[in-house]
């Protein structure tokens, strides 16, 4: 579950080039938590990696209500 000082982030286009970069940036940020991701079917080269990553996320949030309340959409925000 995300902590109170962490901003939950949902990445749309997670299988794309920039989506993967955003996921890496969020994973390395101490003040953000990857809350969810969506996108088209991943390219064959990414399927295994994304599947393993999202399985780990599912296990982490298994007991968490899946709601997007409190998440904020932004584009180009630094």
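Residue numbers (the numbering used here): 750 to 827. Each residue gets a CB set at the ideal place from its N, CA and C atoms; glycine is no exception.
By the 16-neighbour rule on beta-carbons within 10 angstroms, residue 763 is buried.
Rounded to whole angstroms, the gap between the alpha carbons of residue 782 and residue 757 is 5 Å.
The Cβ neighbour count for residue 776, taken over all protein chains shown within 10 Å, is under 16; the residue is labelled exposed. In this structure residue 759 touches residue 785 by the C-beta definition: roughly 4 Å separates them, less than 8 Å. Within the model, the alpha-carbon separation for residue 766 versus residue 778 is close to 19 Å.
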